[in-house]
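Here the structure comes first, spelled out in structure tokens, and everything after it is commentary.
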Amino acid sequence: MSQPSQAEAAPPVAPGRRRKLIAVGIAFLLVLVALAAVAVYYLTRPAGFSGTIKVGFTISLTGTFNVEGTNSLRGIQAAANWINSHGGVSVGGKLYNISLDSPRSL
Numbered sequence: 000m001s002q003p004s005q006a007e008a009a010p011p012v013a014p015g016r017r018r019k020l021i022a023v024g025i026a027f028l029l030v031l032v033a034l035a036a037v038a039v040y041y042l043t044r045p046a047g048f049s050g051t052i053k054v055g056f057t058i059s060l061t062g063t064f065n066v067e068g069t070n071s072l073r074g075i076q077a078a079a080n081w082i083n084s085h086g087g088v089s090v091g092g093k094l095y096n097i098s099l100d101s102p103r104s105l
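Below, the structure is given as structure tokens:
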């Protein structure tokens, strides 16, 4: 038995077959990208809604504008109390109360 002195080369790929392989590879990559996008969408969804709309605002309660800030805070609190006493805010047919964040700076 004789052994070949050189490694046998793979036969050349026909041009039509090569295009099909490239197309299949691109389709496979597109499917992988689509699956990754769906996974990211479902894994980064926000947690369930608590039923209260939290309102934040920036006002100055000290310094030069402390009077205006205090009056603004009272007005915001009065508006939130009035809205809540009249049923809250309707979103998609459901009523939600308003909650104010603490007026203290972090």
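Per numbering that gives the first Met the number 0, numbering of the sequence shown is gapless, rising by one per residue and ending at 105. Heads up, the beta-carbon is just placed ideally off N, CA and C, and yes, glycines get one too.
Pull up the CB-CB distance for residue i and residue j, whole angstroms please, since I reckon it's below 8 Å.
i: Ile-97; j: Gly-87; result: 7 Å
i: Asp-100; j: Gly-55; result: 5 Å
Determine the DSSP secondary structure at residue i, reduced to helix, strand or coil.
i: Pro-45; result: coil
i: Leu-60; result: coil
i: Ala-13; result: coil
Could you check which residue in the options has the C-alpha nearest to that of residue i?
i: Ile-75; options: Lys-93, Ile-58, Arg-44; result: Ile-58
i: Lys-53; options: Gly-92, Ile-21, Asn-83, Arg-17; result: Asn-83
Quickly, what does DSSP pair residue i with across the bridge? List them, please.
i: Asn-107; result: Residue 107 lies beyond the range of the chain shown here (0 to 105); nothing can be said about it.
i: Ser-89; result: Leu-94
Cβ atoms of residue j and residue i: under 7 Å apart, would you say?
i: Gly-68; j: Leu-60; result: yes
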